[in-house]
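A.B. asks:
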Amino acid sequence: MNSIPFYFCICLCLLVGTAASAEAKETAEPQTTAEPHSTAELRIRFPVEKFVLANGLTVLLVEDHTVPMIAYHTWYRVGSRNEKPGVTGAAHMLEHMMSKGAKKYSHKDFDRILHENGVVENAFTIWDYTGFYMKLPSSKLELIMDMEVDRMRFLALRPEDLKSELKVVGEERRWRVDNNPTSLLRETLMGTLFKAHPYHWPVIGYMKDIEAYTSDKLRQFYDTYYVPNNAVLVISGDINPKVAKSLVEKYYGVLTAKELPKSEIPAEPEAKAAQRFVTESDVQSSTVMLAYKGVNANDPDSYALDLASAVLGEGPSSRLYKRLVYQETRATATGGHNVSIKDPGYFMVVATLRPGQRTDASEKALREEVERLRSKLVTAKELQKVKSQVIKGVIDELVSIDGKARSLAVNEIVFGSYEKLFTDLEKYQQVTAQDIQRVANKYFQRSREVMGVLNPRKKGSSK
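Just so you know, we're using my numbering here: the sequence shown kicks off at 195 and counts up by one.
Below you can see the structure in the form of structure tokens.
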């Protein structure tokens with residue numbers, strides 16, 4: 195699934211949604227063919243039935259009777275990427291309002307009915323899409339379909355509900371970003387890295403825009419994007435596919451498709467010089483982030499970039515951790531990630547320093563380790579290690595019915611076909627040390643870098 199958010203970039207603290215819920219763990223594992231502890235000739239496949247309704251709704255069905263439960267995912271091809279200046283965060287705000295009732299199931303009934311029927315609901319918003327997902331007893335499938343169709347067609351968007359939810363989202367913004375110096379650093383870095391593209395602004399939106407939302411503004415956004423031909427429905431678990439298909443046709447077939455607006459994304463200018471900025475806050479230690487513009491999810495280079503990020507920042511055996519935490523003892527944590535999304539994303543490495551450590555040596559170390567990828571091939575042993583790490587992440591995501599639904603949805607949304615999921619392992623296995631060096635030289639040029647630094651506030655300086 196090559197670094198497309200979900201496996202998800204939750205770890206990046208950029209995905210904004212409601213609080214995560216505990217999940218039951220299913221043990222129906224996808225079929226693989228390979229020797230233990232080897233990535234050679236690894237294949238993965240499980241049956242998926244796909245059909246598209248006349249109104250454009252794409253539906254994926256996965257039958258798995260391990261437990262009498264269903265994972266029910268409804269994803270829309272809309273996120274902060276579809277917003278405009280002045281209405282940033284609208285997709286996230288609408289995510290919140292989707293649980294505030296519709297025509298048949300009112301704001302008073304929605305959560306109560308879910309709770310009484312043993313249904314666990316959650317949602318998220320990110321740059322390119324918004325997702326709503328539920329875990330439910332298989333006997334409640336028809337009920338959930340009725341509820342989901344109701345809010346896809348007749349969302350209430352009552353002004354009084356919006357008023358109360360504005361306070362919730364405003365507090366979320368303060369908690370996640372404004373009162374979180376590391377998140378503010380990341381927000382500033384994204385705004386520096388992307389000048390024209392909507393990836394410039396945070397998914398949650400700017401506070402001044404959040405405070406200015408109206409029901410009419412959100413209604414326009416809802417009417418435009420929350421339509422069947424802009425959605426993917428994945429039902430995974432204890433189902434009879436024939437019955438499930440019949441129910442989908444019965445409930446969702448009444449919805450009407452709408453013409454979607456043409457995408458008008460501003461062209462992102464190419465960086466011509468390295469950039470560096472420094473922020474200060476009431477923190478005990480410094481954080482350093484080094485980022486470069488990356489590639490979109492359909493770019494074949496995304497696989498090599500994923501492995502490059504693992505070489506630099508995946509766990510205690512990674513180069514940055516061994517150097518900055520173990521050897522030089524400058525940092526308490528390091529990391530790296532490649533974010534390949536609908537439009538070109540970014541590649542980032544990060545180090546959280548020990549109290550009292552200056553950032554210059556760590557900035558130098560980050561650059562040197564990136565340059566090392568450019569100048570020297572990774573060893574065969576190191577390449578095999580990171581392939582195993584990344585491939586394990588893909589497979590682990592597919593163990594549960596919920597993980598299968600997520601993986602299928604993100605591939606269908608971003609690539610236009612869930613089948614892309616089944617080629618990922620092969621693509622990772624095909625990456626060579628030369629590929630990693632090639633993409634490092636192509637994307638990690640000094641003129642393309644953005645270095646962001648968070649330092650403890652100096653004594654006597656004002657906030």
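Using N, Cα and C, we set each Cβ at its ideal position, and we do this for glycine too.
#1: Identify the continuous beta strand (DSSP E) that holds GLY530 and give its terminal residues.
#2: Using DSSP bridges, identify the partner residues of LEU330.
#3: Mapping DSSP to helix, strand and coil, what is THR553?
#4: Would you report the Cα separation of GLY431 and GLN631, rounded to the nearest angstrom?
#5: DSSP state of ILE398, grouped into three classes?
#6: Quick one: any contact between the stretch 307-316 and the stretch 325-344, if contact means 3 or more CB pairs under 8 Å?
#7: Can you tell me where the alpha helix (DSSP H) with ILE307 in it begins and where it stops?
#8: Quick one: grab the DSSP three-state call for TYR420.
#9: Report the residue from GLN624, VAL448 and ASN424 whose alpha carbon sits nearest the alpha carbon of ALA603.
#10: When the distance is taken between beta carbons, is LEU427 closer than 8 Å to LEU351?
#11: With LEU360 as the anchor, note down where its alpha helix (DSSP H) starts and where it stops.
#12: Would you mind sorting GLN414 into buried or exposed? The rule is 16 or more other CB atoms within 10 Å of its CB.
#13: Comparing alpha-carbon positions, which option in LYS579, PRO392 and SER475 lies nearest ALA461?
#14: Please classify LEU571 as buried or exposed, where buried requires at least 16 neighbouring CB atoms within 10 angstroms.
#15: Alpha carbon to alpha carbon, how far is SER534 from PRO375? Give it in angstroms, no decimals.
#16: Can you tell me whether TRP369 is buried or exposed, with buried defined as 16 or more other CB within 10 angstroms of its CB?
#17: For ASP476, count neighbouring Cβ atoms within 10 angstroms of its own Cβ and tell me buried if that reaches 16, exposed if not.
#18: When you compare each of SER582, VAL253, ALA527 and LYS581 to SER611 by their alpha carbons, which one comes out closest?
#19: Tell me the rounded alpha-carbon separation between VAL371 and ASP322.
#20: Please state whether the Cβ-Cβ distance between GLU591 and SER582 is less than 8 Å.
#21: State the start and end residues of the unbroken beta strand (DSSP E) segment that holds ASN316.
#22: At what residues does the alpha helix (DSSP H) containing SER430 begin and finish?
#23: Within 10 Å of its beta-carbon, does PHE638 have 16 or more other beta-carbons around it, so buried, or fewer, so exposed?
#24: To which residues of the same chain is ARG470 closer than 6 Å at the C-beta, ignoring the five residues directly before and after it?
C.D. replies: The structure says:
#1: 525-533
#2: ILE264
#3: coil
#4: 42 Å
#5: coil
#6: yes
#7: 304-310
#8: coil
#9: ASN424
#10: no
#11: 353-367
#12: exposed
#13: PRO392
#14: exposed
#15: 25 Å
#16: exposed
#17: exposed
#18: VAL253
#19: 20 Å
#20: no
#21: 314-319
#22: Element bounds for SER430: not the alpha helix (DSSP H) but the beta strand (DSSP E), 425-431.
#23: buried
#24: MET645
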